[in-house]
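Q:
Number of protein chains: 2
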Amino acid sequence: MDQNSLPPIQTTARDDAVLKALVGFVRAEALQPGERLPTERILAERLKVSRNTVREALTRWEGLGLVERRQGSGTYLKAAVSPDMLHLPLTLAGGNDFTSLMQTLEIRRALEAEAAALCAERASPADIAEIERKLDIMEQAFRTLDGMSSEEDWEFHQAIYRVSGNPLFEQIIAAMHELFHRFWEHPLGVRDFGHASFPYHRTIYECIAARDPQGARGEALKLIATVEDDLKRGAAKLKLSDLR
Amino acid sequence: MDQNSLPPIQTTARDDAVLKALVGFVRAEALQPGERLPTERILAERLKVSRNTVREALTRWEGLGLVERRQGSGTYLKAAVSPDMLHLPLTLAGGNDFTSLMQTLEIRRALEAEAAALCAERASPADIAEIERKLDIMEQAFRTLDGMSSEEDWEFHQAIYRVSGNPLFEQIIAAMHELFHRFWEHPLGVRDFGHASFPYHRTIYECIAARDPQGARGEALKLIATVEDDLKRGAAKLKLSDLR
DNA sequence: TGCAGAAATTGGTTGGACCATTGGACCACT
DNA sequence: AGTGGTCCAATGGTCCAACCAATTTCTGCA
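One line per chain: the protein sequences are A and L, in this order. Under the working numbering, the letters of the first sequence match residues 19 to 262, in that order. Under the working numbering, the letters of the second sequence match residues 19 to 262, in that order.
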């Protein structure tokens, strides 16, 4: 018998209907990220469902990072809502820390290089000026602190992703960044972590300013390579100390 | 069941605490995907919270695809739960279909090339044999159907990601694949979509078998380029037909 | 006018109730 | 033994009416 000839029938789906109605509402009102949604009580009344059902639907959205609830204040839209949303659950192999960290870097190596190249192709003069500004801030912080500043460094990179014109770069690399730092609790004992990557920030910028995609790609690869080296040095050190 | 594996909740932030308790419970009981969780009523009683609070927590897990609820039956674990999990909500710029499709391809271009290169570096003889098997199946399907078969083609690529040794490749590219096909409802009128990519599957395999990372990277780039070309052709065609 | 405290608003939690679906137990009939 | 039917307890889905906790807004006094 053809299994497909008897698909499961559609059972009740109240909260799904609520979500669909909410999508419609947000689009109809043209709500922008940051704006407040109607209160749960009002939604329940308008949609003719109980407040509990509304809450279940909103809980789903909250779990997907679409919405933020603040007790006593309201529920706020956090991201543009669109039907073209995909929810990507990422899990690492769960091996030791070193393996996980290297895996996030492998992804970053591929994406950073591509983003830098696209950025060099597409950057407008204004974009280039913005990136240079972020670079200056980062270099300033580096000299002041005598070391890499995660914050300013990350902002520089984000500027590049944004100019690449493809929002997926920023989203995916940001996830890698978060994964990386989740395993970075104990810093493997490498004091000057990131030092080696410093000069490549400027070389990447120069390639972008010169509209040199291949050059930018190469410099980005070199940058990631220094981070991988730092990581390997740290892992070797850790292994030694593990042996007492 | 061990009663001690479900200690009562005490602090505020109930539902988060409930989730944490559930993670502990699943690990303590070593629950495997497919197994059933305790009923909501039992969880509520054990954790000393109301059933609604338990439901909010479970709704979050359900939204994250971690768990499946079946009315009248129970709540079942769908995926292995681990603390090294990250959920990444992806949203495309939401522009027209063509832009979105190209953006997923830009990500794939970066990742496919890297995965192919890593695969060529790390493939064992058994891995290479497995990839060749998938390639044969795909080529067989191509000749039979006189065109690309999404199913077999995808399996070939997946084998490469798996051999790369980094599970993130498969997860992220799979997400891109799904995004791509979400916009692929109306096929832009390109009849022989994917035809051009066919020969590169074998060249990629040959580079992998020859342990030639740079070659594999290059062939993977060529493959993606053909898909991008198909897409551009389709977009041009569509634009013409839009003009009547 | 400035600001502390009261009042209203809003999400968070609770407990209880009922409905719809599921799956197993039981039974009559073949 | 097998088939189908009926019943019933278990379970998730929904609803309601409160109350709690955090936040915002208003009010009235200094």
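C-beta: ideal position from N, C-alpha, C; glycine also. Remember, it's a predicted structure, so these values are computed and weren't measured experimentally.
1) For A:D247 and A:A75, I'd like the C-alpha separation in whole angstroms.
2) With 16 as the cutoff for other CB atoms within 10 Å, does L:H199 come out buried or exposed?
3) Measure from the C-beta of A:P231 to each C-beta in chain L and report whether the shortest distance is under 8 angstroms.
4) Helix, strand or coil: how does DSSP classify A:P107 here?
5) Which stretch, first to last residue, makes up the beta strand (DSSP E) that contains L:L49?
6) Less than 8 angstroms between CB atoms is the rule here; does L:E124 satisfy it with respect to chain A?
7) Apart from the five residues just before and just after A:L55, which ones in its own chain have a Cβ nearer than 6 angstroms to its Cβ?
8) Using a C-beta to C-beta distance shorter than 7 angstroms, which residues of chain L count as neighbours of A:Q158?
9) Can you look up A:T57 in the DSSP assignment and give me helix, strand or coil?
10) What does L:M103 touch in chain A if you count any residue whose Cβ is under 8 angstroms from its own?
11) By the three-class DSSP mapping on this structure, what secondary structure does A:R161 have?
12) Given a threshold of 16 other Cβ atoms within 10 Å of its Cβ, counted over all protein chains shown, does A:G81 qualify as buried or as exposed?
13) So what's A:R88 in DSSP terms, helix, strand or just coil?
14) If the cut-off is 9 angstroms on Cβ atoms, which residues from the region 78-92 of chain A count as contacting chain L, listed in chain order?
15) Looking at the structure shown, is L:P25 part of a helix, part of a strand, or coil, going by DSSP?
16) Using three-state DSSP, classify L:L76 as helix, strand or coil.
17) Are three or more beta carbon pairs between the region 180-199 of chain L and the region 132-148 of chain A nearer than 8 angstroms?
18) Look at the alpha carbon of L:T221 and the alpha carbon of L:A234, and state the distance between them as a whole number of angstroms.
19) So, do the region 158-166 of chain L and the region 210-218 of chain L have three or more beta carbon pairs nearer to each other than 8 angstroms?
20) If you check the beta carbons only, do A:L95 and A:E53 fall under 8 angstroms apart?
21) When you compare the CB of A:A177 with every CB in chain L, is at least one pair closer than 8 angstroms?
22) Does any residue of chain L have a CB that is nearer than 8 angstroms to the CB of A:H46?
23) Between which two residues does the alpha helix (DSSP H) carrying L:D115 extend?
24) Alpha carbon to alpha carbon, what distance is there between A:T77 and L:T77?
25) Once DSSP output is grouped into helix, strand and coil, what is the label at A:L82?
26) Which residues in the same chain as L:H195 place their Cβ atom closer than 6 angstroms to its Cβ, once the five residues preceding and following it in sequence are excluded?
27) On the CB-based measure, 16 or more other CB atoms within 10 Å of its CB, does A:P231 come out buried or exposed?
28) Could you round the C-beta distance between L:D33 and L:T71 to whole angstroms and report it? I think they count as a contact, below 8 angstroms.
29) For L:D145, tell me which candidate among L:R127, L:L123, L:H175, L:S118 has the shortest Cα-Cα distance.
30) Tell me, please, whether the CB atom of L:Q189 is closer than 8 angstroms to any CB atom in chain A?
31) Comparing C-alpha positions only, which one of A:E170, A:K250, A:K38 sits nearest to A:D154?
32) Please report how far the alpha carbon of L:V44 lies from the alpha carbon of L:E124, in whole angstroms.
33) Out of curiosity, what's the CA-to-CA distance linking L:S142 and A:L108?
34) Starting from L:H175, trace the alpha helix (DSSP H) in both directions and tell me its first and last residue.
35) Please list the residues of the region 47-63 of chain L that have a C-beta atom closer than 8 angstroms to any C-beta atom in chain A, keeping them in chain order.
36) Going by CA-CA distance only, name the one from L:E47, L:A48, L:R73 that's closest to L:R59.
A: Inspection of the coordinates gives the following:
1) 46 angstroms
2) exposed
3) no
4) Strand.
5) Unbroken run through L:L49: none, as it is neither H nor E.
6) yes
7) T93
8) In chain order: nothing, as chain L lies at least about 31 angstroms away.
9) coil
10) P107, L108, T109
11) helix
12) The residue in question, A:G81, is buried, as its Cβ has 16 or more Cβ neighbours within 10 Å.
13) Correct three-state label for A:R88: strand.
14) Within the region 78-92 of chain A, those residues whose Cβ lies closer than 9 angstroms to any Cβ of chain L are, in chain order, R78, W79, E80, G81, L82, G83, L84.
15) Note on L:P25: pLDDT 43, under 50, position unreliable in the model; the coordinate value appears next. DSSP places L:P25 in coil when its eight states are reduced to three.
16) helix
17) no
18) 8 angstroms
19) yes
20) yes
21) no
22) What sits at residue 46 of chain A in the sequence shown is Ala, not His. No, no contact with chain L.
23) 115-140
24) 7 angstroms
25) coil
26) Within the same chain, L:H195 has no close Cβ partners at all.
27) buried
28) 6 angstroms
29) L:H175
30) yes
31) A:E170
32) Roughly 39 angstroms separates the two Cα atoms.
33) 26 angstroms
34) 168-181
35) none
36) The shortest Cα separation from L:R59 among L:E47, L:A48, L:R73 belongs to L:R73.
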